[in-house]
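Enquirer: Please find one structure pasted underneath; my questions will follow.
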């Protein structure tokens, strides 16, 4: 069920993607009294064919005392979109953990809509869709046309179903594996986990209990990282050699490492 989006009085950030629209982007940002808006365009001013619409939006927002930050990315690249959106979320939450972040999924490309919804599921943001009162078809577009929609704008919030994502410690472990492009041996992986304080060992061992401590570390590594990453998430492959087992990323693991490269 789609519902009208509720208003928030605390610090608000909006993220939108440029398209052949003006009010569908600017209206909710102004009406909800956002503090800051991020406008993503296609690469740069030379490649963004709707740059004049973008400049109009920027002026409308600035006239309403809303800070505008323009960012150029490939709006047809899912990984690029979700990485850049995730970085905005991370940076904003570092400045204010209570900030409310909204993502406009009604304008842009199909890729930005998918990535925008996924970002909302991953990082607990608020997606919204702006419905115009009137629309024109592509056949009706002339050189004087400024947008595909006009009239009163209604902002709707689609239902947001939870999307399962790996816990932060597994994402950090993925980053360790990614550093070694050809894979990493279990021995080195264990040392890296210990160095980053990611390995939880329940028992404390005396200095002379070296062998027992080492066994406990390997057991903890398997239970906390190897088994979940391999069996639950299908992110890694472990070689079948008995000694010097090597960990490499599967295709799913490679994709996940890119999607979660920036962790808010």
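Numbering (the numbering used here), first residue to last: 160 to 423. We put the beta carbon where it would ideally sit given N, CA and C, even for glycine. Predicted, not measured: the structure shown is a model, and the values here were computed from it.
Roughly how many angstroms separate the alpha carbons of residue 385 and residue 266, rounded to a whole number?
Expert: Going by the C-alpha atoms only, they are around 41 Å apart.
Enquirer: Just to confirm the assignment: which complete alpha helix (DSSP H) runs, minimum length 4, are found wholly within the region 321-384?
Expert: You should have 327-338, 345-354 and 369-380.
Enquirer: Considering only residues of the region 382-418, which uninterrupted beta strand (DSSP E) runs meet the minimum length of 3 residues and lie entirely inside it, listed in chain order?
Expert: Runs found: 395-397 and 405-408.
Enquirer: State the start and end residues of the unbroken beta strand (DSSP E) segment that holds residue 231.
Expert: First-last of the beta strand (DSSP E) with residue 231: 226-232.
Enquirer: Comparing C-alpha positions only, which one of 419, 205 and 222 sits nearest to residue 188?
Expert: Looking at the Cα atoms, 222 is the closest of the given residues.
Enquirer: How far does the alpha helix (DSSP H) with residue 270 in it extend, from its first residue to its last?
Expert: From DSSP, the alpha helix (DSSP H) with residue 270 extends over 269-282.
Enquirer: How big is the Cα-Cα spacing for residue 338 and residue 224?
Expert: Near 43 Å, if we compare the C-alpha coordinates of residue 224 and residue 338.
Enquirer: Taking the C-alpha atoms as reference points, what is the distance between residue 179 and residue 378?
Expert: Near 56 Å, if we compare the C-alpha coordinates of residue 378 and residue 179.
Enquirer: Touch check for the region 210-217 and the region 244-252: three-plus C-beta pairs under 8 Å?
Expert: No contact exists between the region 210-217 and the region 244-252.
Enquirer: Per DSSP, which residues does residue 261 bridge with? Please list them.
Expert: DSSP, once it has assigned bridges, lists 173 and 285 as partnering residue 261.
Enquirer: Look at the Cβ atom of residue 342, then the Cβ atom of residue 405, and state whether they are nearer than 8 Å.
Expert: Going by C-beta atoms, residue 342 is nearer than 8 Å to residue 405.
Enquirer: By the 10 Å Cβ neighbour count, where 16 or more other Cβ atoms means buried, how is residue 340 classified, buried or exposed?
Expert: By the neighbour-count rule (16 or more Cβ atoms within 10 Å), residue 340 is not buried but exposed.
Enquirer: Using three-state DSSP, classify residue 196 as helix, strand or coil.
Expert: Strand.
Enquirer: How long is the line joining the alpha carbons of residue 196 and residue 190, rounded to whole angstroms?
Expert: Approximately 13 Å between the Cα atoms of the pair.
Enquirer: Within 10 Å of its beta-carbon, does residue 202 have 16 or more other beta-carbons around it, so buried, or fewer, so exposed?
Expert: The residue in question, residue 202, is exposed, as its Cβ has fewer than 16 Cβ neighbours within 10 Å.
Enquirer: Taking the alpha carbon of residue 388 as the point to measure from, which residue in 335, 364 and 251 has its own alpha carbon closest?
Expert: Checking every option, the nearest Cα to that of residue 388 belongs to 335.
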